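Comments concern the structure below.
Residue numbers (our numbering): 8 to 363.
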């Protein structure tokens with residue numbers, strides 16, 4: 008916690024390496040002597056904070072490596088099975104302590120998804136096998152009020168109308184985006200192994216149905232809660248729109264895809280890119296430290312889409328430049344943004360500013 012906190016202020020720059028080294032050393036020493044019985048939750052949380060520090064403030068690639076250690080601890084502690092009575096015992100924990108473990112699990116889950124989306128790394132947590140309920144609302148957690156939240160599977164299938172917390176909603180959206188990325192990758196494989204397969208269209212329709220309903224829910228929340236300038240809601244909206252771009256890219260990669268469906272979805276994707284572009288303009292109105300730290304992922308997806316569609320969309324060039332500028336703006340406080348901005352410039356074949 009001290010390492011991450013120190014990274015938020017320039018006056019503590021000199022102490023960060025020492026704090027980071029001490030924290031890493033303590034965790035390594037504990038790791039060498041630990042058993043799988045009674046692993047303290049604060050060990051997972053410390054490893055999680057170290058991973059977040061690495062991703063956002065030091066070296067994103069090293070940070071993702073630490074995130075992998077978090078996933079290992081999640082498996083060993085069965086934090087993905089908290090609400091399965093046959094595999095996880097919570098009788099000795101208070102409701103708040105159980106919820107704390109749920110929230111820790113979902114933070115690790117999110118990092119697993121982000122690593123998959125950014126680097127294409129294999130997923131370590133199967134979203135269809137999770138028996139840990141989604142995070143409760145902030146009000147319930149802070150007020151120590153016991154409420155029963157949804158499972159991810161129920162929220163994804165939209166079998167219930169129970170309102171989700173902002174944290175829970177972000178987990179649903181990042182799951183959809185990750186599934187869209189998996190679908191796009193599967194399309195690339197099928198193009199080589201089974202060019203005549205039409206399974207891609209079934210997957211596309213299923214994902215599009217879920218995504219469309221989620222976007223409707225998000226927009227209704229924004230309009231009723233006046234959340235237009237809430238950084239977390241801006242992030243959630245961006246991820247949802249980015250999922251449309253990924254689905255469109257997947258469709259376009261299939262030579263035998265139905266042209267009418269591809270054209271219709273391309274038009275929808277152009278509108279999604281425009282919405283992300285508009286949302287990116289809002290970021291400059293936020294303090295840098297209030298912007299959701301993983302917003303650069305959605306910006307990068309959109310920038311790549313506009314870069315590869317300049318000949319099909321007259322506004323794509325301007326959108327690309329503006330979104331690239333937004334990534335550069337965030338890079339001063341976010342190493343992930345800097346890394347993605349650099350990658351974007353390399354992909355575009357442009358000169359890279361040596362100051363980044």
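Here a beta-carbon is modelled for each residue, glycine too, at the ideal position from N, C-alpha and C. Just so it is clear, the structure is predicted and the values come from calculations on it, not from any experiment.
For residue i, the first and last residue of its enclosing alpha helix (DSSP H)
i	result
residue 269	266–290
residue 345	342–355
residue 257	238–259
residue 144	Counting along the chain, residue 144 falls outside any alpha helix (DSSP H), and DSSP gives it neither H nor E.
residue 137	That residue, residue 137, is in no alpha helix (DSSP H); it is neither H nor E in DSSP.
residue 48	48–64
residue 322	Note, residue 322: premise wrong, no alpha helix (DSSP H); not H, not E.
residue 185	173–200
residue 31	23–40
residue 75	67–84
Cβ separation of residue i and residue j, assumed to be a contact under 8 Å, to the nearest whole Å
i	j	result
residue 194	residue 207	5 Å
residue 81	residue 112	6 Å
residue 132	residue 121	Going by Cβ atoms, the distance from residue 132 to residue 121 rounds to 12 Å, so no, they are not a contact pair.
residue 178	residue 141	6 Å
residue 299	residue 238	5 Å
Spatial distance of residue i from residue j (CA atoms)
i	j	result
residue 163	residue 226	17 Å
residue 259	residue 292	35 Å
residue 341	residue 203	44 Å
residue 36	residue 53	13 Å
residue 27	residue 66	13 Å
residue 51	residue 41	13 Å
residue 127	residue 190	12 Å
residue 148	residue 64	28 Å
residue 83	residue 247	32 Å
residue 183	residue 39	37 Å
Per-residue DSSP class, three states only, for residue i
i	result
residue 317	coil
residue 115	helix
residue 128	coil
residue 294	coil
residue 165	coil
residue 303	helix
residue 44	coil
residue 359	With a pLDDT of 40 at residue 359, under the threshold of 50, the modelled position of that residue is not reliable, and the figure given next carries that caveat. Of the three classes helix, strand and coil, the one that applies to residue 359 here is coil, per DSSP.
residue 309	helix
Short CB-CB distance (under 8 Å) between residue i and chain C
i	result
residue 199	Included in the structure is just one protein chain, with no chain C present.
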